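Here is the structure we will look at, set down as structure tokens.
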Amino acid sequence: MPELPEVETVKNELLPYVVGHRITGVTLVWEGIVKEPSVKEFHSRIIGQEITGITRHGKYLVVSLSSGDLLIIHLRMTGSLIVGQDSSEPPKYTRAIIHLDNKTNIFFRDQRKFGIMRLVRDTKDIDNKLGPEPLEASFTPAVLTERLAKRTAPIKALLLDQKFIAGIGNMYADEVLYEARIHPQRTGGSLSREEVKRLHKAIQRILWAAIDNKGASVDTYFRPDGTEGTAHFQFKVAHGLGGKTCPVCGGPIERITVRNRGTYFCPKCQPEKV
DNA sequence: CCCGGAACCTGAAGGC
DNA sequence: TGCCTTCAGGTTCCGG
237 MPELPEVETV KNELLPYVVG HRITGVTLVW EGIVKEPSVK EFHSRIIGQE ITGITRHGKY
297 LVVSLSSGDL LIIHLRMTGS LIVGQDSSEP PKYTRAIIHL DNKTNIFFRD QRKFGIMRLV
357 RDTKDIDNKL GPEPLEASFT PAVLTERLAK RTAPIKALLL DQKFIAGIGN MYADEVLYEA
417 RIHPQRTGGS LSREEVKRLH KAIQRILWAA IDNKGASVDT YFRPDGTEGT AHFQFKVAHG
477 LGGKTCPVCG GPIERITVRN RGTYFCPKCQ PEKV
């Protein structure tokens with residue numbers, strides 16, 4: 237599942253292949269991947285444009301074009317962007333191919349067809365959906381404290397809410413709460429000052445460590461060169477480690493459901509009552 | 001605004 | 001072997 241560290245890695249590793257190059261064509265193997273504008277207008281506006289940069293907003297990739305248009309890409313759950321040669325066979329589940337003038341193809345693979353592309357003039361509509369970027373300097377413990385105040389939703393649900401904080405998904409939410417020793421069902425507003433500090437630190441440490449490891453290849457995530465990230469080797473609880481042993485207390489990792497999402501945690505190290 | 005639940009989608013995995 | 005059900009989860013929508 238591409239979350240902030242995976243999307244950040246895709247951005248970083250895609251950049252050298254694409255910046256300064258022109259898009260010579262886009263093959264839409266599945267047209268439904270383009271949400272906006274019409275397929276016809278999408279083609280006419282994107283072909284011939286030079287890629288000038290890529291940024292990340294939460295889990296969104298924003299590819300800037302010389303025309304001023306922005307190509308917004310969201311990989312959702314099973315999407316990946318793989319670099320290949322013009323002559324290479326499209327990987328399985330390829331939904332779109334971006335052809336560049338350097339004989340390079342970007343293959344947009346996506347098993348479940350949830351990923352999207354959108355051509356827009358500005359990023360207002362995605363930025364309005366996103367809370368603070370957790371790795372920016374402006375995301376301080378005080379900011380987190382203020383946002384948690386009076387919230388009655390479980391902390392796990394808040395971490396998954398992109399408007400509360402951008403970029404965290406199901407895997408990293410579990411890892412962060414484990415690291416912070418906070419039970420996923422605790423309500424946001426009930427966290428002590430000490431717990432909020434631990435949570436803030438855990439968010440930044442877990443996400444930076446995952447970026448250092450080029451993301452977690454637990455499902456269908458691959459780096460643009462087709463290799464796997466290694467962040468999942470550091471997971472203590474997330475993604476199917478239920479039943480395994482907590483590395484700290486030796487007790488079993490449990491699985492519960494929070495907001496219809498599989499949630500892994502250690503009941504001993506993350507007690508419900510403090 | 002806040003909260004929770006369901007829907008969207010498709011392939012993998014498990015039960016029988 | 002094969003049919004059927006269940007599960008996975010980022011985002012969006014809807015109801016209270």
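Residue numbering for the first sequence follows this note's numbering, starting at 237 and increasing by one per position.
We treat Cβ as the ideally placed atom computed from N, Cα and C, and that holds for glycine.
Remember, predicted model here, so these are calculated numbers, not experimental data.
Length of the line joining the Cα atoms of residue i and residue j
i	j	result
V299	V454	26 Å
H279	I308	15 Å
R357	Y414	40 Å
T260	T381	48 Å
N496	E490	15 Å
P460	L250	6 Å
S426	P368	21 Å
L311	Y296	8 Å
K276	L384	45 Å
Q285	K247	19 Å
P252	R387	42 Å
I492	D361	34 Å
Of the listed residues the options, nearest to residue i (C-alpha basis)
i	options	result
C485	P507, F469, W266, Q321	P507
K399	R459, F458, L443, P370	P370
N364	D397, S374, V262, A385	D397
I290	L264, G284, S302	S302
V514	R387, R292, P327	Absent from the structure is residue 514, since the part of the chain shown begins at 237 and ends at 510.
Distance CB(residue i)-CB(residue j) smaller than 8 Å
i	j	result
L395	V379	no
A467	N449	yes
G424	L366	no
H419	L336	no
G462	T245	no
R345	S316	yes
Residue i Cβ short of 7 Å to the ligand SAM heavy atom set
i	result
K399	Absence of the ligand SAM from the depicted structure is noted, as is the absence of any ligand whatsoever, leaving it without description.
Nonlocal neighbours in the same chain, by C-beta distance under 7 Å from residue i, ignoring five residues either side
i	result
K433	P377
Q347	T314, Y329, T456
G320	N341, F343
L443	L240, P241, P370, L371, Y408
Cut-off 6 Å between Cβ atoms - residues of its own chain near residue i, not counting five sequence neighbours on either side
i	result
A416	R434, L435, A438
E242	G451, Y457
Beta-carbon contacts of residue i that lie in its chain and below 8 Å, excluding the five residues immediately before and after
i	result
R429	T381
P390	P420, Q421, R422, T423, G424, V494, R495
Original post:
Counting pairs of Cβ atoms below 8 Å between the region 261-271 and the region 349-367, do you hit three or more?
Top reply: yes
**OP:** Could you say if the region 483-503 and the region 324-344 meet the contact criterion of at least three C-beta pairs nearer than 8 Å?
**Re:** In short, these stretches do not touch, since the Cβ pair count stays below three.
Original post:
Are at least three pairs of beta-carbons, each pair with one atom in the region 393-410 and one in the region 317-336, less than 8 Å apart?
Top reply: no
Original post:
Touch check for the region 430-446 and the region 492-503: three-plus C-beta pairs under 8 Å?
Top reply: Of all C-beta pairs linking the region 430-446 to the region 492-503, fewer than three are shorter than 8 Å, placing the two stretches out of contact.
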